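Chains as they are written, first to last, in the UniProt record's numbering: chain Z, 1 to 408; chain W, 1 to 408; chain D, 1 to 408; chain E, 1 to 408.
4 protein chains.
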Amino acid sequence: MKEKVVLAYSGGLDTTAIIPWLKETFDYDVVCCCIDCGQAEELDGLEERAKMSGASKLYIEDIVDDFCDNYIVPCVQAHAVYEDKYLLGTSMARPAIAKKLVEIARKEGAVAICHGATGKGNDQIRFELGIKALAPDIKIIAPWRMTDVWTMQSREDEIEYCKAHGIDLPFDASHSYSRDRNIWHISHEGLELEDPANEPNYDHLLVLGVTPEKAPDEPEYVTMTFEKGVPKSVNGVEMKVSDIIRKLNELGGKHGIGIIDIVENRVVGMKSRGVYETPGGTILYEAHQQLEELVLDRATYEVKEEMGNKLSQVVYEGKWFTPLREAIQAFIESTQEYVTGEVKFKLYKGNITKAGTTSPYSLYSESLASFTTGDLYDHHDADGFINLFGLPLKVRAMKMQEAKNHTN
Amino acid sequence: MKEKVVLAYSGGLDTTAIIPWLKETFDYDVVCCCIDCGQAEELDGLEERAKMSGASKLYIEDIVDDFCDNYIVPCVQAHAVYEDKYLLGTSMARPAIAKKLVEIARKEGAVAICHGATGKGNDQIRFELGIKALAPDIKIIAPWRMTDVWTMQSREDEIEYCKAHGIDLPFDASHSYSRDRNIWHISHEGLELEDPANEPNYDHLLVLGVTPEKAPDEPEYVTMTFEKGVPKSVNGVEMKVSDIIRKLNELGGKHGIGIIDIVENRVVGMKSRGVYETPGGTILYEAHQQLEELVLDRATYEVKEEMGNKLSQVVYEGKWFTPLREAIQAFIESTQEYVTGEVKFKLYKGNITKAGTTSPYSLYSESLASFTTGDLYDHHDADGFINLFGLPLKVRAMKMQEAKNHTN
Amino acid sequence: MKEKVVLAYSGGLDTTAIIPWLKETFDYDVVCCCIDCGQAEELDGLEERAKMSGASKLYIEDIVDDFCDNYIVPCVQAHAVYEDKYLLGTSMARPAIAKKLVEIARKEGAVAICHGATGKGNDQIRFELGIKALAPDIKIIAPWRMTDVWTMQSREDEIEYCKAHGIDLPFDASHSYSRDRNIWHISHEGLELEDPANEPNYDHLLVLGVTPEKAPDEPEYVTMTFEKGVPKSVNGVEMKVSDIIRKLNELGGKHGIGIIDIVENRVVGMKSRGVYETPGGTILYEAHQQLEELVLDRATYEVKEEMGNKLSQVVYEGKWFTPLREAIQAFIESTQEYVTGEVKFKLYKGNITKAGTTSPYSLYSESLASFTTGDLYDHHDADGFINLFGLPLKVRAMKMQEAKNHTN
Amino acid sequence: MKEKVVLAYSGGLDTTAIIPWLKETFDYDVVCCCIDCGQAEELDGLEERAKMSGASKLYIEDIVDDFCDNYIVPCVQAHAVYEDKYLLGTSMARPAIAKKLVEIARKEGAVAICHGATGKGNDQIRFELGIKALAPDIKIIAPWRMTDVWTMQSREDEIEYCKAHGIDLPFDASHSYSRDRNIWHISHEGLELEDPANEPNYDHLLVLGVTPEKAPDEPEYVTMTFEKGVPKSVNGVEMKVSDIIRKLNELGGKHGIGIIDIVENRVVGMKSRGVYETPGGTILYEAHQQLEELVLDRATYEVKEEMGNKLSQVVYEGKWFTPLREAIQAFIESTQEYVTGEVKFKLYKGNITKAGTTSPYSLYSESLASFTTGDLYDHHDADGFINLFGLPLKVRAMKMQEAKNHTN
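Okay, here's the thing in structure tokens:
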């Protein structure tokens, strides 16, 4: 019996061409695994296609809820944003996929896992670190880095190769943006984006929504609730997290929300430029933060910001299955105990504008904040506070004066 | 000869009432000092008003350029943002004012400085820490905290008090938002904002610009240049920083940019809610960051983000004249050496959208970022990189498997 | 019926004098509460003394195990060290005491809690923040800050006052170091220590141990075990944490371990100088870290160091009962899952020298670390790793050369 | 004319064998470069040895002062310590060496630089990142990773290879610890150290000093001065930094100071175990910190600790010639402005014990620290301070009580 390899399969040209190549190069049985993170691809005919390409088996696995509940939610709670802009759409999905690939590899008794990520990107790292952490004994095959044995250089080469191996499928040889999509976002790279001096061709590019210019002229109000940091409802309707994200995608896409254009620093050492659409995610981050403003104290907020930055680095680097990610998540979860309440906001042409926030655990006190004096606040306390808060500055100034006088 | 006090004087009711009060309570000569940070107030008649109120002297000091060059620019370079939203408009101005007050106090031989900040806010801290650090020997008088001797509780009381002291000026007793304005921003507190559940009444509230809804339907492209992190020109016209900010305020205000609604944590321990307009500042932060994306490497960017957060805390807390602020600024300045280049962006109804960036020091390499292979990048290197980058995860997984087997 | 106040009572002169003073000044019933954190004071006759002084009741509460398990252990696990030297001996005890005081106040229906901490120190803050967080409605009385009504200025004054109120006890009026002791440490302040230019008079000063010079000439080996970061045994004998600390205090004191001399920055804004003895604690920190070296990965270790520093600040500032402390502790606990194993070390004249460490979860791999090549490590991987790890530096250098050439 | 390679040459067996190998494998002219960082090796006969081995030229470069002034001093000022123990002795030297190698390569017009670091260590990274940053166009040759063409596996192989190429030198085939030495430290790896369960064989191992047990029974007092963070004198004698380090090495070695035993995490992903001697360096770090305690304020100290940790990571990873290292150093330098004064301490059997510190810029105020009340400190201020400092905790407690009551 042949050894098995599990292939992360999308049904596209790249991963389809890998099937015969794996058989030819390694004499493996190829188990294809199409993992659905909400990429909204056409799954019809996928089984047929995989079989025609020589796969011995095809798994189609829907992990959307796992992805939303266990990968996206912790990042939302942490406000993990890479380099101040990127909401980690692709980064968060890779470990979720790697985990499922390992699960199937174990079930099938496979000796290897193969992915189609390129040799210059971050995704190869995220897939492989995930696999290493969960199944250190499983071999990883990355055809795009095996330039000695993987000789295809273009889509034309791949189509040719497929045909030569009896796979006659209607692939398109035309070049477009390089994209990655899941329920959280879609990324676009390539074409005019390769030169940061160019403005993106948004009309050509956007998939999940429209530009602010094309968004409706009428604003739309939305309410959301959270319980312990987890989104619970939109506009009064309770939904599971994945449905909340779908609903917010619809709203955000309609109103031109969540389009960013970024030159980011990849883990492998170069800068790359992309346009990302995260319509629902951008709303979710903002809405969650709107609530946290009422509930978190200053010291917690400050350190939580640092932790969120660290988490963004860890996730971006593909280090999901590590003790550090677990420890950061434990920190974040601890802060979410009282992040419960309702937020209202308005969507209008790319803008999310707060329109009122309430929480049973709000730390805001109208009487304290206002100019009147109450039981809780004696203005004289501010004298003492400032005197001691400023004491180090004052002592320092006096000592420096003394030292100066002494020197002169 | 009487001892002198320097009074931070705005010409408004509050600080006008302080003049006779200082004379009456302490028997001081009152030297009024109106410090112009770009608040765009009517300065005509100010001298007359001060004199009528009993001041022995009035200084009108324009520190706009000092404020822009030495306080705003370092914060822009650091991307110092307090609690993820607030661009520190009031926080940055206070130390600049404190410095000038001390300068005049020294010149006049004054023994005290008096300010009209309330006893619940942050500004009292910022003024006083500034004064303590620069002139530890000078007495500070904060009438609003001296509830034993300062007995006025309302604008009506103040008007009454002024009249009783022969000051008959046309003050308005009506209540409005509590506002602070300078060239960088305007803040609004009070009225409906006191309950975070309320949506702000923007039409009533805004001063520097309009809401996105009322902004023009036509987008507007803008180009800016920076040299070593300092803004140099807008739309091809070289200007000093203060004029750049004025120009950007005009553009940003017109297009509904930079309006935020925040519940923030004050230094004195309570939450407060405000709406801030920072039209030009918001553009400036974004434009500067747009350029940094091309120029800063990943490691520097990451630590600089932390430093920016720390600076925001330090500045918010009024600790401008401290060794820590100086050290953070030294860090930031060191990173600005190559932040030189041109950015282009589009303003449209609250949105700032990048439209192309160039720099002679760009670290972006199109050939590196693209999918082709070149001299600089061998795909096999990624094998080695991932193997070592992931080695700790793999070793850990293996060791944990061993430990588990050993236990079972 | 009179209102009650709970007094943190030590049996010493200061807190004894407070009893009649509280009755006289506020007409309270005084419930004394002597909380034992391991200060090893003579408790005999305490009840009699309290009663003679006019207390209506005396509680003697042993919280040593609570203190060790719930306050000390989390700080050990975090390696929380304030300003690189101070093991937080007093800081950790204050919230534990505050919690017990609140508990008794609730049980007794008391309206106030009184403590004898001075107005210049950190302890007043730690007591009061603890009380505010746990019982915001309870009034706090700090006689030493009430200089209007508390008029005693010296021990002589206090003895006089006691006598005048019928309390004739053998108090010593002589001045010594100001000390605070519990099972974890003893601190010394005052006398010659007040000038940092002076060498401490260790022979006069030390209580828990001897100087290295006076320690035995023979080294002593010790073994310890930990389970999930909690100390479990010393020299093969399983003990509860408090007994482990007692045992380590004995060993450390004997061998001159854990004496520090520090000028530290207090929360209230001034520097103070103290000598602290933490013989067992110093060993415990080192032993725990010795084990973590084997078990924690690099990334976790790095962030854990930062979290430990933050915890030291939070604890030093008395912010134990806060969401931030809880979140940091959640982070730390998550890292302790595999901190299980045995450490051996040698004590000799102030030195703790490692003598071997083992753990079932050790990440150390002899074959990986050595110079031989094995399955896990291919030297060629280092080529790829270094090429990508160094890619940003190389690209930057090339771009800077280009820019320079372009300029010239 | 042949192309040239610059070889980092130590005169030992490893780098001597590389000379004929480079000629044979690449047909290069080999320019040897022996860079003296204070490793105290015998340089006599080195030229002859290099020439006999086939080198076309030998440089002997003394960079000790550059190393001390520009690499060690910044790390001392930052208190950069890797993983809480390692004073970066080897890490700091590598970039200094790389810089000199590049300098000579430029002078000689060489196309490549060759080093003898192994493929599992950190040093290969440090050398190569240094070279990449300073001379991105120069080729790097690391024979120990070139397992296809570098076939020697043992010292015996190398001796054999040398003999076969006419190099008959008295090399010792015996195995010892793997060591790296410079003026700052010596590291030891290998032999019994490879198992962390073993106690180090110190009597066999130590080179720069003795164990505490073997140190003198008499303590020795030392005084040092610093100016702006730079060490200036020892025991009243002004010296350049390198001589200060030499003097402190002598003192520290004699008294058993600065021996550590560590399991550390290498950059290439595995743990390694070493014993390091840093006698003078350990004293220098402590002495500098002793002075900083008097001079730095709390806020600066706290952030400086973080910066020191970051610098230790950056330096350990070989990223010396980067904008981040420059920015961190700018931060640190800014804090050193007033680190001027005298420290006195006592050395005794592994202990460094403070014995008095003075500085014209000391922020310590005896009157402030003591229990008496003075002009600068009003005990009532502490009331106000604590009330506001604790306000967030109190408000939170009240709000949580309210929320709880509301829920029940």
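The beta-carbon is built from N, C-alpha and C at its ideal position, and this holds for glycine as well.
These figures come from a predicted structure and were not determined experimentally.
Environment of residue 43 of chain W [buried if 16+ CB atoms lie within 10 Å]: Using a 10 angstroms sphere on the CB of residue 43 of chain W, the tally of other CB atoms stays under 16, which defines it as exposed.
Assigned secondary structure, residue 216 of chain E (DSSP; H/G/I helix, E/B strand, else coil): Look at residue 216 of chain E here: in three-state DSSP terms it is coil, with no helix or strand label.
Close-in-space but distant-in-sequence residues of the same chain around residue 85 of chain D (CB under 6 Å, 5 per side omitted): Excluding its 5 nearest sequence neighbours in each direction, residue 85 of chain D has C-beta neighbours in its own chain below 6 Å: 260 and 262, listed in chain order.
Proximity test, Cβ basis, 8 Å: residue 389 of chain E and chain Z: Residue-level contact check: residue 389 of chain E touches chain Z, since one or more beta carbons of chain Z fall below 8 Å from its beta carbon.
Candidates W:2, W:100 and W:6, of which the one nearest residue 37 of chain W by Cα: Checking every option, the nearest Cα to that of residue 37 of chain W belongs to W:100.
Near-chain D residues of the stretch 136 to 165 of chain W (beta-carbon distance less than 8 Å), N- to C-terminal order: Those residues of the stretch 136 to 165 of chain W that come within reach of chain D (Cβ to Cβ, closer than 8 Å) do not exist; the list is empty.
Cβ-based contacts, 7 Å cut-off: residues of the stretch 27 to 43 of chain Z near chain D: If the cut-off is 7 Å between Cβ atoms, the stretch 27 to 43 of chain Z has nothing near chain D.
Residue 141 of chain D beta carbon less than 8 Å from that of residue 131 of chain D: Between residue 131 of chain D and residue 141 of chain D, the C-beta spacing is not below 8 Å.
8 Å CB neighbourhood of residue 314 of chain W in its chain, flanking five on each side removed: So the qualifying residues of the chain are 320, 322, 324, 325 and 328.
Residue 401 of chain Z classed as buried or exposed, judged by whether at least 16 other C-beta atoms fall within 10 angstroms: Residue 401 of chain Z is exposed by the Cβ-count criterion.
Within 8 Å, strictly: CB atoms of residue 129 of chain W and residue 209 of chain Z: No, the Cβ-Cβ distance between residue 129 of chain W and residue 209 of chain Z is not below 8 Å.
Sequence-distant residues of the same chain with beta carbon closer than 6 Å to residue 54 of chain Z, five excluded per side: Cβ within range, chain order: 19, 20 and 23.
Three-state class that DSSP yields for residue 37 of chain W in the structure shown: Three-state DSSP puts residue 37 of chain W in coil, outside helix and strand.
Distance between residue 92 of chain Z and residue 121 of chain Z (C-alpha atoms, nearest Å): Cα atoms of residue 121 of chain Z and residue 92 of chain Z: separation of roughly 15 Å, rounded to the nearest angstrom.
Rounded C-alpha distance that separates residue 318 of chain Z from residue 81 of chain Z: Using only the alpha carbons, I get a separation of about 14 Å.
Closer than 8 Å at the beta carbon, the chain Z residues around residue 297 of chain W: Those are 265, listed as they occur along chain Z.
Alpha-carbon spacing of residue 293 of chain D relative to residue 238 of chain D, whole angstroms: Approximately 23 Å between the Cα atoms of the pair.
Neighbouring residues, chain Z, relative to residue 368 of chain E (Cβ below 9 Å): Neighbours of residue 368 of chain E on chain Z, chain order: 391 and 395.
Unbroken stretches of the alpha helix (DSSP H), 4 residues or longer, contained in the stretch 146 to 181 of chain W: Within the stretch 146 to 181 of chain W, the complete alpha helix (DSSP H) segments of 4 residues or longer fall at 155 to 164, listed in chain order.
Test: residue 270 of chain E CB closer than 8 Å to a CB of chain W: At least one chain W Cβ lies under 8 Å of residue 270 of chain E.
Local conformation of residue 282 of chain E per DSSP, three classes: Look at residue 282 of chain E here: in three-state DSSP terms it is helix.
Neighbourhood of residue 57 of chain W by C-beta distance below 6 Å, restricted to the same chain and skipping five residues each side: 31, listed in sequence order.
Cut-off 7 Å between Cβ atoms - residues of its own chain near residue 177 of chain D, not counting five sequence neighbours on either side: A distance below 7 Å between beta-carbons, with the five flanking residues on each side excluded, links residue 177 of chain D to the following residues of its chain, in chain order: 188, 189, 190, 191 and 205.
Status (buried if at least 16 other CB within 10 Å, exposed otherwise) for residue 1 of chain Z: Per the 10 Å Cβ criterion, exposed.
Under 8 Å by beta carbon: chain W residues contacting residue 273 of chain Z: Correct list: 364 and 369.
Contacting positions in the stretch 76 to 97 of chain W - beta carbon closer than 9 Å to chain Z: For the stretch 76 to 97 of chain W, the residues whose beta carbon sits under 9 Å from a beta carbon of chain Z are, in order, 79, 83, 84 and 85.
Any 3 or more C-beta pairs closer than 8 Å across the stretch 108 to 126 of chain D and the stretch 378 to 394 of chain W: No, they do not touch.
Cβ contact (3+ pairs, closer than 8 Å) linking the stretch 337 to 351 of chain W and the stretch 217 to 230 of chain W: Segments in contact, yes.
Chain W within 8 Å of residue 323 of chain E, Cβ atoms only: Yes, residue 323 of chain E lies at the interface with chain W (some Cβ there is under 8 Å from its Cβ).
Neighbour list for residue 355 of chain Z in chain W, Cβ cutoff strictly below 7 Å: Taking a Cβ-Cβ cut-off of 7 Å, the neighbours of residue 355 of chain Z in chain W comprise 199, given in sequence order.
Own chain residues within Cβ distance below 6 Å of residue 266 of chain W, not counting five before or after: Closer than 6 Å at the Cβ level, and outside the excluded window around residue 266 of chain W, lie 122 and 272.
Closer than 7 Å at the beta carbon, the chain Z residues around residue 127 of chain E: None at all; the shortest Cβ gap to chain Z is about 18 Å.
Beta-ladder partner(s) of residue 187 of chain W, from DSSP: According to DSSP, residue 187 of chain W bridges with W:180 and W:276.
Top-ranked residue by Cα proximity to residue 488 of chain E, from E:234, E:40 and E:366: With chain E represented from 1 up to 408, any question about residue 488 of chain E goes unanswered, as that position is not in the structure.
Candidates D:197, D:283, D:118 and D:357: closest to residue 436 of chain E by CA position: The displayed coordinates of chain E run from 1 to 408. Any statement about residue 436 of chain E would go beyond what the structure contains.
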